[in-house]
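Structure record follows, encoded as structure tokens.
There are 2 protein chains.
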Amino acid sequence: MSDRREQNFQKPPGALISIINRAHFIIINERLKPCGLSAGQFLALICLVRKQNIIQDTLARHFHIDKGTVARAVQKLEDGGFIRRTPDPENRRAVRLFLTDKGREMAPVLHSIDLEWEKGAFSGFTNEEKEQCMVYLRRMAANCISLVQKNGYGVDAGE
Amino acid sequence: MSDRREQNFQKPPGALISIINRAHFIIINERLKPCGLSAGQFLALICLVRKQNIIQDTLARHFHIDKGTVARAVQKLEDGGFIRRTPDPENRRAVRLFLTDKGREMAPVLHSIDLEWEKGAFSGFTNEEKEQCMVYLRRMAANCISLVQKNGYGVDAGE
DNA sequence: AATAAAATGTTGTTTATGCAACAGTTGTTA
DNA sequence: TAACAACTGTTGCATAAACAACATTTTATT
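Protein sequences appear in the order of chains Y and V.
Per the working numbering, the first sequence runs over residues 1425 to 1583.
Per the working numbering, the second sequence runs over residues 1425 to 1583.
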């Protein structure tokens, strides 16, 4: 059992981020499962609950997700009846995304899932600490976006 | 182009973590590619550079990674000649992991990759800010581990 | 006006990851 | 001592994600 006691170094930031991210995924997957969705569609649906009538590329740019990944997530949301895709009348390349009634009903579900995770992840944090941590995360995210900037994906849609 | 300007809400923490994590992955993948490795083996190798003669389960527990994932990462490291796996003389179920010479030579490579990412992600942070952010990330990671605790994976090996 | 470059979404491929099931081994309990 | 539970690693399966290539359309350049 001495094996379990010999790891005494501090985990690098990348490892901490990985742990947090994977936990987020696990929880979202669990919570969305009853709705026939999974973590891969979470961000896309959250984005659309906030704002419809956007094109896929906008969604991809917002969360810096690969457009192929977005296309697949969006397809799943459409297949599941959560969204509707409409050809953009002004641009034949693009597709506009809208929520269905079923999709709209997901808003409170998504909100509570998000809150649950947030509450758990920030357990023991004061409001000030949480806000400060968010500031740091935003700065880190912005830095990371610059690090991997390519194909315009460093260009965020509005933030 | 108004699509690109209509996303004005703050990204939830899960989304920020996801952005950072994916960027980390992209960069690690890029940097390890010339060595014939990829991001999936990064943490395992880092762990072994720090401490050999551990069993796979220890590694899995340390970074809260699924043991199947660890088994596959370790297999790749062995296939690539970076590590050696030896049956544990005291426990016929377990395998002990050791670096090869080739694996040892990776230590400075891994270190500089890690530093590069860290430097980029914390660009513009003072030392105090970075330390504070790390404290928060550790606390978040600990919270997340508790959130998804199962199968003893909440039990970290030494931290 | 013609050509070249960029934009938008789709599809193929590979990889990492978690969940699940399993085989063999070790530790605990009755 | 035997039965049962827990441990350790392996493998199957499904999913998300990035990279790459591509077709079509729109925009920019010549």
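Glycine residues also receive a C-beta, built at the ideal position from the N, C-alpha and C atoms.
Values in this document were obtained by computation on a predicted structure and should not be read as measured data.
According to DSSP, simplified to helix, strand and coil, what is residue i?
| i | result |
| --- | --- |
| V/Val-1519 | strand |
| Y/Thr-1493 | helix |
| V/Pro-1513 | coil |
| V/Ile-1444 | helix |
| Y/Asn-1575 | Below a pLDDT of 50, predicted positions are generally treated as unreliable, and Y/Asn-1575, at 46, falls in that range; the measurement from the model is reported next regardless. Three-state result, Y/Asn-1575: coil. |
With a cut-off of 8 Å on the beta carbons, I'd call residue i and residue j a contact; round off their distance for me.
| i | j | result |
| --- | --- | --- |
| V/Leu-1469 | V/Leu-1501 | 6 Å |
| Y/Ala-1447 | V/Leu-1571 | 6 Å |
| V/Val-1519 | V/Pro-1511 | 6 Å |
| V/Gln-1480 | V/Lys-1491 | 7 Å |
Residue i and residue j: beta carbons closer than 7 Å?
| i | j | result |
| --- | --- | --- |
| Y/Gly-1505 | Y/Thr-1524 | yes |
| Y/Asn-1515 | V/Ala-1545 | no |
| Y/Ile-1444 | V/Ile-1441 | yes |
| Y/Asp-1538 | V/Pro-1532 | no |
| V/Phe-1449 | V/Ala-1439 | no |
| V/Leu-1467 | V/Phe-1487 | yes |
| V/Ile-1478 | V/Leu-1521 | yes |
| Y/Tyr-1560 | V/Cys-1557 | yes |
| V/Gln-1465 | V/Ala-1497 | yes |
Out of the options, which one is the CA nearest neighbour of residue i?
| i | options | result |
| --- | --- | --- |
| V/Arg-1528 | V/Phe-1433, V/Ile-1450, V/Gln-1465 and V/Arg-1474 | V/Arg-1474 |
| V/Cys-1459 | V/Val-1494, V/Asp-1503 and V/Arg-1517 | V/Asp-1503 |
| V/Lys-1543 | Y/Arg-1563, Y/Asn-1551 and Y/Trp-1541 | Y/Arg-1563 |
| V/Ile-1452 | V/Glu-1540, V/Lys-1526 and V/Phe-1433 | V/Glu-1540 |
| Y/Arg-1508 | Y/Thr-1493, Y/Lys-1526, Y/Val-1494 and Y/Leu-1456 | Y/Lys-1526 |
| Y/Leu-1456 | Y/Arg-1517, Y/Thr-1550, Y/Met-1530 and Y/Arg-1485 | Y/Met-1530 |
Return the residues of the stretch 1434 to 1448 of chain V that lie within a Cβ-Cβ distance of less than 9 Å from chain Y, sorted by chain order.
Listed in chain order, the positions of the stretch 1434 to 1448 of chain V with a beta carbon within less than 9 Å of a beta carbon of chain Y are Gln-1434, Lys-1435, Pro-1436, Pro-1437, Gly-1438, Ala-1439, Leu-1440, Ile-1441, Ser-1442, Ile-1443, Ile-1444, Asn-1445, Arg-1446, Ala-1447 and His-1448.
Please name the residues in the stretch 1545 to 1573 of chain Y whose beta-carbon is closer than 8 Å to at least one beta-carbon of chain V, in chain order.
Within the stretch 1545 to 1573 of chain Y, the qualifying residues are Ala-1545, Phe-1546, Ser-1547, Gly-1548, Phe-1549, Glu-1553, Gln-1556, Cys-1557, Met-1558, Tyr-1560, Leu-1561, Arg-1562, Arg-1563, Met-1564, Ala-1565, Asn-1567, Cys-1568, Ile-1569, Ser-1570, Leu-1571 and Val-1572.
Give the residues from the stretch 1518 to 1529 of chain Y that approach chain V closer than 7 Å (Cβ to any Cβ), ordered along the chain.
Residues: none.
Of all the residues that make up the stretch 1464 to 1479 of chain Y, which are near chain V by a beta-carbon distance shorter than 9 Å?
Close to chain V, meaning a Cβ-Cβ distance shorter than 9 Å, are the following residues of the stretch 1464 to 1479 of chain Y: Phe-1466, Leu-1467, Ile-1470, Cys-1471, Arg-1474, Lys-1475, Asn-1477, Ile-1478 and Ile-1479.
What residues in the stretch 1530 to 1542 of chain V bring their beta carbon closer than 7 Å to a beta carbon of chain Y?
So the close ones are Asp-1538, Trp-1541 and Glu-1542.
Within 8 Å of chain V by C-beta, residues of the stretch 1494 to 1510 of chain Y in sequence order:
Those would be none; no residue qualifies.
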